[in-house]
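Structure, as structure tokens:
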Amino acid sequence: MKTLMLGNEAVARGLYEAGCAVVSSYPGTPSTEITEAAAKYPEIYAEWAPNEKVGMETAFGASLAGRRSFCGMKHVGLNVAADPLFTIAYTGVNAGMVIGVADDAGMHSSQNEQDSRHYAKAAKLPMLEPADSAEALAFTKAAYELSERFDTPVLLKMCTRVSHSQSVVETGERVEPAPVPYEKKAAKYIMMPGNAIRRHPVVEERLKQLAEYAETCPFNRVEEGSDHKVGIITSSTSYQYVKEVCGDRFPVLKLGMAWPMPEKLIRDFAASVSLLTVVEELDGFIEDHCRALGLSLAGKDVFTPLGEFSQNLVAEKLGLPVPRGTALEETIPARPPVMCAGCPHRGLFYTLNKLKLTVLGDIGCYTLGAVPPLAAIDSTICMGASVSGIHGFLKAAGGEMDGRTVAVIGDSTFMHSGITGLVNIAYNESNATVIILDNSITGMTGHQQNPTTGFNLKGDPCTKIDLETLCKAVGIRRVRVVDPYDLAQCEAAIKEELAAPEASVIISRRPCVLLKYVKTAPPLTVDKDKCVGCKACMKIGCPAISVRDGKAGVDETLCVGCNVCQQLCKFDALRAPGEV
Amino acid sequence: METKNMMIVGVGGQGTLLASKLFGRLLLDQGYDVKVSEVHGMSQRGGSVVTYVRWGDRVCSPVIDKGEADFILSFELLEAARWMEFLRPGGRIITNTQQINPMPVITGAAEYPQALEKRMAEAGVALDAMDALSLAEEAGSSKAVNLVLLGRLSRYFDWPEETWQQAITASVPEKFLELNRKAFHLGRNS
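Note that the protein sequences, when read in sequence, are chains A and B. Going by our numbering, the first sequence opens with residue 1, and the numbers climb by one from there. Going by our numbering, the second sequence opens with residue 581, and the numbers climb by one from there.
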């Protein structure tokens with residue numbers, strides 16, 4: 001059947017059709033929908049793991065047990081899972097195993113734009129790189145064949161534009177591969193030095209065989225062109241931009257297999273054109289390989305390593321006509337993402353700003369606490385870095401910053417990578433105050449369950465990890481819960497914990513206001529007679545509040561009656577319905 | 581057929597994704613090659629959002645670039661102005677006249693530009709501006725702005741209303757079907 005699917009949904013369809021049995025992932029834009037879509041197939045066991053390393057090891061365990069498995073993550077997630085990655089490259093697989101990784105050129109929702117293709121080369125693993133949804137489906141299925149034929153995990157590399165674009169796919173039937181019986185094979189699966197030394201040559205030999213396979217792999221193809229003055233090697237979404245602007249004019253070598261690369265195919269292609277050009281987003285990965293083959297070419301000297309490409313960028317760099325549009329002359333005010341009206345993080349960040357604290361931040365919706373007027377975050381690095389970072393910060397400051405510094409981290413991020421940092425705080429005894437922003441969901445990626453929510457990926461009730469008990473078990477004696485809608489309570493708790501002579505955890509607990517089960521209150525109204533236009537209510541950066549003609553106004557379509565603004569009004573001008 | 585381009589722009593949370601899914605489905609049913617490119621994640625949080633819909637015999641790029649859009653369907657006036665440069669010469673902007681203040685305007689760091697409709701028209705844009713919010717409310721919910729705008733858009737295509745209504749039936753949950761069908765009808769006949 002022909003249907004429109006997101007690239008991510010097409011990967012999930014590929015998992016289904018290939019008979020994948022176990023999926024374990026951590027959500028991360030732009031990869032999240034692969035696992036969400038996989039969970040809709042009853043034949044697939046799918047789960048959210050606490051982090052990508054756990055997901056990859058779970059998928060490896062499933063492969064070891066003899067069933068086809070998958071783990072999915074965003075580019076930075078692969079850093080977390082790099083440890084198992086490099087060693088399962090040695091062990092190989094029992095049943096097929098595929099690792100999905102989605103890059104985010106342009107950083108639509110990421111803290112860096114690293115290029116995951118380097119991992120394939122560094123771990124000596126094959127990587128397939130689809131350019132649309134049809135390829136995403138086909139490559140996913142082919143990845144399992146490759147995995148089992150060459151006894152290797154296979155990387156499937158997506159990117160924002162392939163993951164989040166719908167295009168036409170033709171769906172097929174599911175195959176049910178017979179489970180591969182598990183046999184104990186110590187020399188293959190126990191990677192202690194004596195065994196690993198014997199596995200490394202196997203990895204090198206496998207890479208040679210894969211490079212030979214790449215020469216005839218149907219996903220590496222030459223598309224002929226009429227004008228051989230220029231020949232373009234490209235892959236992924238860059239291929240689409242090239243075809244958009246060049247059509248069939250220049251010959252194109254499209255690489256669907258990102259690693260290893262086909263040496264002979266590339267050399268023959270290069271010999272057939274006058275100017276070899278490599279068009280690839282982010283790093284010059286194909287380019288470096290071509291240069292190592294001694295080929296001269298145009299690459300990153302022409303095409304930027306920064307951000308996403310587009311058809312106009314490719315046209316301009318190739319000297320082709322570029323369409324132009326007309327803009328208004330004046331600057332249009334930016335519309336950056338903001339914390340939602342009623343977001344439980346708002347009151348907490350207002351308090352941190354008010355107390356002028358140094359705040360080590362983390363990864364999630366609450367990174368928006370860095371934006372004015374809240375402007376309450378000093379650093380954001382990666383998952384968990386707030387909790388580990390505050391410990392080093394306080395140790396280095398030798399007591400100077402005690403009582404003035406906090407770490408903030410979300411519930412899901414804490415379960416992902418915050419716990420180990422908290423163990424360090426307890427074990428090596430710093431006087432850190434860690435605030436867990438518990439909104440009872442993984443918010444930024446679009447509401448995924450996590451170990452603290454009490455529900456699994458399929459929405460079924462399951463064991464709920466209790467944050468208070470966990471923090472106490474780790475060795476933190478001072479653990480308390482506050483309601484971030486209650487500003488006085490928040491401020492008092494933070495002051496108290498900062499003053500305490502030991503480490504503490506404050507759990508700022510209130511569910512994300514966008515969760516369906518959250519009951520919101522009616523919107524507030526402004527008593528225009530009482531409002532003096534002092535703008536105190538504007539200090540929380542709520543999109544529902546604005547000041548016009550010297551008086552505050554509340555947008556009743558946005559306001560959810562959280563009452564945080566009301567607590568800032570000294571003139572009693574903000575009213576809940578029924579209040580006098 | 582040469583590839584046709586439509587951008588759907590608005591503010592995160594306004595329902596632009598449903599509009600693009602519905603339109604993409606309709607185009608697929610008409611036998612076109614289709615690509616629909618969406619934005620997920622961080623930028624959905626009340627930020628400026630854009631969806632690209634492209635259709636034709638063979639669609640390559642999933643995105644639309646400056647000077648390429650045949651239509652821009654805008655859910656908010658400022659967003660129409662923001663993306664105007666993506667319109668091709670001779671293209672058309674269909675926009676809701678609703679104004680939603682972005683954070684720099686709320687905080688007073690910037691002003692919401694005045695007379696945008698007039699100035700876009702003066703810049704040569706074929707502009708079809710409408711109060712989609714009022715019609716959505718008339719249909720039963722302010723959230724139905726997306727279907728009102730799709731209704732207005734439908735007037736620029738030759739397909740009968742039934743073709744559109746079929747795509748709506750296939751894309752919208754049963755519970756909201758009547759509301760959405762009505763909103764579409766009001767937009768189409770506005």
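The beta carbon of each residue, even a glycine, is placed where N, CA and C say it ideally should be. Just so you know, these numbers come straight off a predicted model, no measurement behind them.
Problem set entry | Buried versus exposed, by CB contacts within 10 Å (16 or more), residue 49 of chain A | Its Cβ being crowded by 16 or more others within 10 Å, residue 49 of chain A is buried.
Exercise. Beta strand (DSSP E) containing residue 145 of chain A: first to last residue?
Worked result: No beta strand (DSSP E) contains residue 145 of chain A, which is instead part of the alpha helix (DSSP H) from 133 to 150.
For this session: Enumerate, from N- to C-terminal direction, the unbroken beta strand (DSSP E) stretches of 3 or more residues contained entirely within the stretch 666 to 706 of chain B.
Result: The qualifying runs are 667 to 676.
Exercise. Since residue 508 of chain A and residue 435 of chain A are thought to touch, with beta carbons under 8 Å apart, how far apart are those beta carbons, to the nearest angstrom?
Worked result: About 6 Å separates the two Cβ atoms, so the contact holds.
For this session: Determine the contact status of residue 21 of chain A and residue 141 of chain A, defining contact as a CB-CB distance below 9 Å.
Result: The answer is no: Cβ separation not under 9 Å.
For this session: Mind listing, in chain order, the continuous alpha helix (DSSP H) runs of no fewer than 4 residues lying wholly within the stretch 48 to 104 of chain A?
Result: Listed in chain order, the complete alpha helix (DSSP H) runs (minimum 4 residues) inside the stretch 48 to 104 of chain A are 52 to 64, 75 to 80 and 82 to 91.
For this session: Would you check if there are 3 or more beta carbon pairs closer than 8 Å linking the stretch 408 to 427 of chain A to the stretch 41 to 56 of chain A?
Result: Taking a cut-off of 8 Å for Cβ pairs, the stretch 408 to 427 of chain A and the stretch 41 to 56 of chain A touch, as three or more such pairs fall below it.
Exercise. Applying a beta-carbon distance threshold of less than 7 Å, which residues of chain A neighbour residue 628 of chain B?
Worked result: Within 7 Å Cβ-Cβ: 335.
Exercise. If you follow the beta strand (DSSP E) that residue 259 of chain A is part of, which residue opens it and which one closes it?
Worked result: Residue range 257 to 259 is occupied by the beta strand (DSSP E) that includes residue 259 of chain A.
For this session: Say whether chain B places a C-beta atom closer than 9 Å to the C-beta of residue 566 of chain A.
Result: Not one chain B Cβ lies under 9 Å of residue 566 of chain A.
Exercise. If you check the beta carbons only, do residue 209 of chain A and residue 150 of chain A fall under 9 Å apart?
Worked result: A contact, by the Cβ cut-off of 9 Å.
Exercise. Does the stretch 633 to 640 of chain B come close enough to the stretch 189 to 198 of chain A to have 3 or more Cβ pairs within less than 8 Å?
Worked result: By the Cβ criterion, the stretch 633 to 640 of chain B is not in contact with the stretch 189 to 198 of chain A, since fewer than three pairs of Cβ atoms, one from each stretch, lie closer than 8 Å.
For this session: Inspect the beta-carbon positions of residue 670 of chain B and residue 323 of chain A and report whether they are closer than 9 Å.
Result: Not closer than 9 Å, so no.
Exercise. Among A/433, A/359, A/337 and A/427, which residue has its Cα nearest to the Cα of residue 493 of chain A?
Worked result: The shortest C-alpha separation from residue 493 of chain A is found at A/433.
Exercise. Span of the alpha helix (DSSP H) holding residue 583 of chain A?
Worked result: Within the shown structure, residues of chain A are numbered from 1 to 580, placing residue 583 of chain A beyond reach of any answer.
Exercise. Can you tell me whether DSSP reads residue 107 of chain A as helix, strand or coil?
Worked result: In the three-state DSSP reduction, residue 107 of chain A falls in the coil class, being neither helix nor strand.
Problem set entry | Inter-residue Cα distance where the pair is residue 258 of chain A and residue 315 of chain A | So the two alpha carbons sit approximately 24 Å from each other.
Exercise. For residue 302 of chain A, does the three-state DSSP call read helix, strand or coil?
Worked result: Here residue 302 of chain A carries a coil assignment [DSSP, helix/strand/coil].
Exercise. What three-state label does DSSP hand residue 157 of chain A in the structure shown?
Worked result: The answer is strand: DSSP assigns residue 157 of chain A an E or B state.
Exercise. Do residue 110 of chain A and residue 29 of chain A have their C-beta atoms closer together than 9 Å?
Worked result: Taking 9 Å as the Cβ cut-off, residue 110 of chain A and residue 29 of chain A qualify as a contacting pair.
Exercise. How many angstroms separate the CA atom of residue 198 of chain A from the CA atom of residue 147 of chain A?
Worked result: Their backbone Cα atoms lie some 20 Å apart in a straight line.
Exercise. For residue 310 of chain A, is the classification buried or exposed, using 16 other Cβ atoms within 10 angstroms of its Cβ as the cut-off for buried?
Worked result: When all chains shown are included, residue 310 of chain A counts as buried.
Exercise. What beta strand (DSSP E) runs, 3 residues minimum, are completely inside the stretch 472 to 509 of chain A?
Worked result: Segments of the beta strand (DSSP E) lying fully in the stretch 472 to 509 of chain A: 478 to 482 and 504 to 509.
For this session: Report the residue from B/738, B/762 and B/756 whose alpha carbon sits nearest the alpha carbon of residue 610 of chain B.
Result: Comparing Cα positions, the closest option is B/738.
Problem set entry | Local Cβ density within 10 Å of residue 548 of chain A, reported as buried at 16 or more and exposed below that | Counting C-beta atoms within 10 angstroms of its own C-beta, residue 548 of chain A has fewer than 16 neighbours from the protein chains shown and is therefore classed as exposed.
Problem set entry | the stretch 656 to 671 of chain B / the stretch 690 to 709 of chain B touching (three or more Cβ pairs under 8 Å) | At 8 Å Cβ cutoff, the stretches touch.
Exercise. Exposed or buried, which one is residue 319 of chain A when buried takes at least 16 other CB atoms within 10 Å?
Worked result: The C-beta of residue 319 of chain A has fewer than 16 other C-beta atoms within 10 Å across all chains shown, which makes the residue exposed.
Exercise. In the structure shown, what three-state DSSP assignment does residue 754 of chain B receive?
Worked result: Helix, per DSSP.
Problem set entry | When B/607, B/585, B/589 and B/619 are compared against residue 748 of chain B, the one with the closest alpha-carbon | The candidate whose alpha carbon is nearest that of residue 748 of chain B is B/607.
Problem set entry | Inter-residue CB distance, residue 269 of chain A and residue 255 of chain A (contact presumed, cutoff 8 Å) | The pair is not a contact, with the Cβ atoms about 10 Å apart (cut-off 8 Å).
Problem set entry | Cross-chain neighbours of residue 664 of chain B in chain A, by beta carbon under 8 Å | Per Cβ cutoff of 8 Å: 325, 326, 327 and 328.
Exercise. Which stretch, first to last residue, makes up the alpha helix (DSSP H) that contains residue 353 of chain A?
Worked result: Looking at the DSSP string, the run of the alpha helix (DSSP H) that includes residue 353 of chain A is 345 to 354.
Problem set entry | Opening and closing residue of the alpha helix (DSSP H) in which residue 636 of chain B lies | Where residue 636 of chain B is concerned, there is no enclosing alpha helix (DSSP H), although the beta strand (DSSP E) around it starts and stops at 628 to 636.
Exercise. Roughly how many angstroms separate the alpha carbons of residue 178 of chain A and residue 68 of chain A, rounded to a whole number?
Worked result: Near 10 Å, if we compare the C-alpha coordinates of residue 68 of chain A and residue 178 of chain A.
For this session: Can you give me, in chain order, the residues of the stretch 160 to 188 of chain A that have a beta carbon less than 9 Å from any beta carbon in chain B?
Result: Within the stretch 160 to 188 of chain A, the qualifying residues are 160, 161, 162, 163, 164, 165, 166, 167 and 168.
Exercise. Is residue 409 of chain A close to chain B, meaning its C-beta is less than 9 Å from at least one C-beta of that chain?
Worked result: No, residue 409 of chain A does not count as interfacial toward chain B.
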